[in-house]
Ligand code: ASP
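Numbering (the working numbering), first residue to last: 43 to 484.
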């Protein structure tokens, strides 16, 4: 067990978690799981979130100051934004093609539609109210929100990651521009800090199998009735098919064609992050793991991974945008609305923006879906239709979100000549590291 690769340990934890959840539900021990097991899952998520801001600060300052040249930074920034936009628009388009072919909305009968609309009306109006607050702000609010007025204020909430990134990039540029002798103590300190934070992630990851066990056991005992799942089977399958195409086909192919990764090497490298994404439903909580995997196990230089991944975790959400596209058309189909090609192209645009605006936390994509529905003239109350299955779909779309971030970091690294060979670390070293025994050589 000790030498088992991390992703197997996590998979075993997930499997045992699911099994325990099912057995506990059958034995009527739901409250026991909620009181005595779920808290360990919450502690695991908290540990990951706890490390996210220190990690962004340490690795991004190190990354930017290592670039030693501001034009390199702007080249990297430009490429990152363009590729992120491209992958997101591709994902929504894929979702729209699938939902138009499969037409899951046509398979919903009137009874199920009424049950869902009534059963989830309260939850749906809660999300709609949250989205209204976002809609009320002006067109440039997102830009204003990027610039914090107090860095300690920004650092005090994980929801302000973009603000922290903004400050840190500015700080890193300052560090490049000052006299290297004066910059040295700060870069030395940041180097050391970075090592410590990476070591802390290694330690936290030792708890991952237990954390995911607790999260999945709690998820099962808290999930709603299976009857409603059945009614939404075709909708769920459409979303899952799209996500599977992204995760199993599109990203590994890009990594192979551009980065030279074999299928196995790519999945082996990123799978622990994928499993944590699945269990936590949060790209932000998964960020420390994604960064560690991409840099240490996939050969992406830290200058790239520390820049591309934190930004990606907050703005690049291919899985979310695909889901928003499918969900919008599904709701329209259920209400008997036929959307024109123009309206569907509008959804590519709004879902891209809505996914960028979605926070990297569980079910955030659903709040922003309200905006996509509103813009396309689809009844927002239709949100109630998809509520019952949102959590499992959220878990899988979060995998797509983090896998896309990792893939884009490979592409950007390759284009800048900053991708080490994916085979640098041989498998012994790879497995040895899983146990957190070796030191980080940076
Ligand atoms: N849970 C997703 C993430 O964190 C966002 C969403 O689609 O709700 O990436």
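Glycine included, every Cβ here is placed at the ideal spot set by N, Cα and C.
Just mark residue i as buried or exposed, buried being the case when its beta carbon has 16 or more other beta carbons within 10 Å.
{"i": "residue 219", "result": "exposed"}
{"i": "residue 152", "result": "exposed"}
{"i": "residue 306", "result": "exposed"}
{"i": "residue 73", "result": "exposed"}
{"i": "residue 324", "result": "buried"}
{"i": "residue 470", "result": "Here the model assigns residue 470 a pLDDT of 40, short of 50, so the residue's position is not dependable and the matter cannot be decided."}
{"i": "residue 48", "result": "buried"}
{"i": "residue 70", "result": "exposed"}
{"i": "residue 310", "result": "buried"}
{"i": "residue 212", "result": "exposed"}
{"i": "residue 399", "result": "buried"}
{"i": "residue 387", "result": "exposed"}
{"i": "residue 62", "result": "buried"}
{"i": "residue 13", "result": "Here the chain comprises residues numbered 43 to 484, so residue 13 is not present and cannot be evaluated."}
{"i": "residue 443", "result": "buried"}
{"i": "residue 449", "result": "buried"}
{"i": "residue 483", "result": "Unreliable positioning characterises residue 483 in this predicted model, as indicated by a pLDDT of 35, which lies under 50. A coordinate reading is not provided."}
{"i": "residue 359", "result": "buried"}
{"i": "residue 68", "result": "exposed"}
{"i": "residue 240", "result": "buried"}
{"i": "residue 210", "result": "buried"}
{"i": "residue 45", "result": "exposed"}
{"i": "residue 175", "result": "exposed"}
{"i": "residue 253", "result": "buried"}
{"i": "residue 8", "result": "The chain is shown only over 43 to 484; residue 8 falls outside these bounds and no answer can be derived."}
{"i": "residue 128", "result": "exposed"}
Using 7 Å as the threshold, is the C-beta distance between residue i and residue j below it?
{"i": "residue 10", "j": "residue 438", "result": "With the chain running from 43 to 484 in the structure shown, residue 10 is simply not present."}
{"i": "residue 104", "j": "residue 232", "result": "yes"}
{"i": "residue 28", "j": "residue 55", "result": "There is no way to answer for residue 28, as the model of the chain reaches only from 43 to 484."}
{"i": "residue 312", "j": "residue 445", "result": "yes"}
{"i": "residue 363", "j": "residue 130", "result": "yes"}
{"i": "residue 80", "j": "residue 327", "result": "no"}
{"i": "residue 404", "j": "residue 436", "result": "yes"}
{"i": "residue 315", "j": "residue 331", "result": "yes"}
{"i": "residue 229", "j": "residue 107", "result": "yes"}
{"i": "residue 137", "j": "residue 367", "result": "yes"}
{"i": "residue 243", "j": "residue 89", "result": "no"}
{"i": "residue 451", "j": "residue 342", "result": "yes"}
{"i": "residue 154", "j": "residue 273", "result": "yes"}
{"i": "residue 125", "j": "residue 453", "result": "yes"}
{"i": "residue 217", "j": "residue 225", "result": "yes"}
{"i": "residue 170", "j": "residue 338", "result": "no"}
{"i": "residue 251", "j": "residue 52", "result": "yes"}
{"i": "residue 75", "j": "residue 260", "result": "yes"}
What distance in whole Å lies between the Cβ atoms of residue j and residue i, which are believed to be in contact at a cut-off of 8 Å?
{"i": "residue 144", "j": "residue 276", "result": "6 Å"}
{"i": "residue 361", "j": "residue 460", "result": "Not confirmed; about 26 Å, so no contact."}
{"i": "residue 333", "j": "residue 351", "result": "5 Å"}
{"i": "residue 381", "j": "residue 418", "result": "7 Å"}
{"i": "residue 141", "j": "residue 280", "result": "5 Å"}
{"i": "residue 408", "j": "residue 396", "result": "In fact, because the Cβ distance is near 10 Å, the residues do not count as touching under 8 Å."}
{"i": "residue 249", "j": "residue 86", "result": "6 Å"}
{"i": "residue 429", "j": "residue 147", "result": "The Cβ separation is near 15 Å, so there is no contact."}
{"i": "residue 370", "j": "residue 420", "result": "6 Å"}
{"i": "residue 38", "j": "residue 257", "result": "This structure does not reach residue 38, given that the chain is present from 43 up to 484, and the question cannot be answered."}
{"i": "residue 401", "j": "residue 201", "result": "6 Å"}
Does residue i get closer than 7 Å to chain D when you measure Cβ to Cβ?
{"i": "residue 229", "result": "The structure shown has no chain D; it contains just one protein chain."}
Counting Cβ pairs closer than 8 Å, one from the stretch 337 to 354 and one from the stretch 369 to 387, do we hit at least three? no
For the stretch 163 to 180 against the stretch 49 to 64, are there 3 or more C-beta pairs whose distance is under 8 Å? no
Three or more beta-carbon pairs under 8 Å between the stretch 94 to 110 and the stretch 190 to 210, yes or no? yes
Are the stretch 450 to 458 and the stretch 113 to 132 touching by the rule of at least three beta carbon pairs closer than 8 Å? yes
Should the stretch 381 to 398 be regarded as contacting the stretch 155 to 162, the criterion being three or more beta carbon pairs within less than 8 Å? They do not touch, by the three-pair rule.
Between the stretch 258 to 265 and the stretch 396 to 416, can you find at least three pairs of beta-carbon atoms closer than 8 Å? no
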